[in-house]
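Enquirer: When we follow the working numbering, the leftmost residue of the sequence shown carries the number 9, and every step to the right adds one.
Can you read through this structure? Questions will come right after.
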Amino acid sequence: MASLLKSADGGGAEQVALQAEKRWAVLIGLITAALVLLMIFTALHWATMPPSRVESVNPSTLHIAGEFVESNLGTAVEKDGGVVVRLIGQQYSFTPQCIVVPEGMSVTFRATSADVIHGFIVGKSNVNTMLVPGFVTTFSTTFTEKGEKLMPCHEFCGAGHEGMWGRVQVVERNEFLARAAASERVSCVAQ
Ligand SMILES: [Cu+2]
């Protein structure tokens, strides 16, 4: 306060402003450096998943033919033993609404949108992606924690956006494999 009062008679005011600006410059510099380091770390640690290629699909015939017909959606163990989840986002829901995945196994997601851009994120995991009509979104991840997680749409897609979310159930590996052996698609959608 004393320095502010003194600054009223010329010279000092400029000094106070300069010092304040210098403090802000240092603070902003530190924040920028921290964000850049965070980007480098997440990229090297494979915590972010940049797109690796482009695969297209016709959004107007998803329900009629091809990989994303309704009977083909959900979690399946492929012939090569890989676990694949296929899902569709549309205004304002995911199909299927509830997805079962095994704990500690690599899971590949293949997803697309039937109308506008959607996205989803799965709590406490590194799953965070966009669903773009006309393109197949694909990535692999491993869930390390058993339990149920929420999967909300996080790209604003219209008036009903806030009601668009699904669930992901991470179950024990053996339980999952037993369920997968019993039926072609594993699901937790209420019948
Ligand atoms: Cu949405």
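Don't be surprised by glycine CBs; every beta carbon is placed ideally from N, CA and C.
Should E22 be listed as close to ligand 1, given that the test is whether its C-beta is under 7 Å from any heavy atom?
Expert: For the purposes of this step, residue 22 is taken as residue 14 along the sequence shown, with counting starting at 1. It does not: the Cβ of E22 is nowhere closer than 7 Å to a heavy atom of ligand 1.
Enquirer: Should C196 be counted as a contact of ligand 1 given a C-beta to heavy atom distance under 7 Å?
Expert: Position 188 of the sequence shown, counted from the first residue, corresponds to residue 196. False, no ligand heavy atom lies under 7 Å from that Cβ.
Enquirer: Hey, could you find the ends of the alpha helix (DSSP H) A190 is sitting in?
Expert: For the purposes of this step, residue 190 is taken as the residue at position 182 of the sequence shown. 181–190 is the extent of the alpha helix (DSSP H) around A190.
Enquirer: Check S195 in the structure and name its three-state DSSP category.
Expert: In the sequence shown, the residue the question calls residue 195 occupies position 187. In this structure, S195 counts as coil in the three-state DSSP scheme.
Enquirer: Does DSSP put S114 in a helix, a strand or coil?
Expert: Position 106 of the sequence shown, counted from the start, is the residue given in the question as residue 114. Strand at S114.
Enquirer: Mind the definition here: the region 123–136 touches the region 71–91 only if three or more C-beta pairs lie below 8 Å; say whether that holds.
Expert: The region 123–136 vs the region 71–91: no contact.
Enquirer: Using only the alpha-carbon positions, how far apart do G131 and K157 sit?
Expert: Within the sequence shown, numbered from 1, the residue matching residue 131 stands at position 123. Within the sequence shown, numbered from 1, the residue matching residue 157 stands at position 149. Cα-Cα distance, rounded: 6 Å.
Enquirer: Excluding the five sequence neighbours on either side, which residues of its own chain have a C-beta within less than 6 Å of the C-beta of N136, listed in chain order?
Expert: Mapped onto the sequence shown, residue 136 falls at position 128. Closer than 6 Å at Cβ, skipping near neighbours: I129.
Enquirer: Any idea if R94 is buried or exposed, counting beta-carbon neighbours within 10 angstroms, 16 or more meaning buried?
Expert: Here residue 94 corresponds to residue number 86 of the sequence shown, with the count starting at 1. Answer is buried; the Cβ neighbour count reaches 16.
Enquirer: How many angstroms separate the CA atom of H71 from the CA atom of V91?
Expert: For the purposes of this step, residue 71 is taken as residue 63 along the sequence shown, with counting starting at 1. For the purposes of this step, residue 91 is taken as residue 83 along the sequence shown, with counting starting at 1. Going from the Cα of H71 to the Cα of V91 covers about 22 Å.
Enquirer: Can you name the residues that DSSP bridges to S101?
Expert: Within the sequence shown, the letter at position 93 stands for residue 101. Partner(s): Q98.
Enquirer: Would you say the beta carbon of M172 is closer than 7 Å to some non-hydrogen atom of ligand 1?
Expert: For the purposes of this step, residue 172 is taken as the residue at position 164 of the sequence shown. Yes, Cβ of M172 sits closer than 7 Å to a heavy atom of ligand 1.
Enquirer: On the DSSP bridge list, what partners appear for C106?
Expert: Taking the first residue of the sequence shown as 1, we reach residue 106 at position 98. Per DSSP, R175.
Enquirer: Let's test the definition: count the other Cβ atoms within 10 Å of the Cβ of V108 and tell me whether it reaches 16, buried, or not, exposed.
Expert: By one-based count along the sequence shown, residue 108 stands at place 100. Buried, since its Cβ has 16 or more Cβ neighbours within 10 Å.
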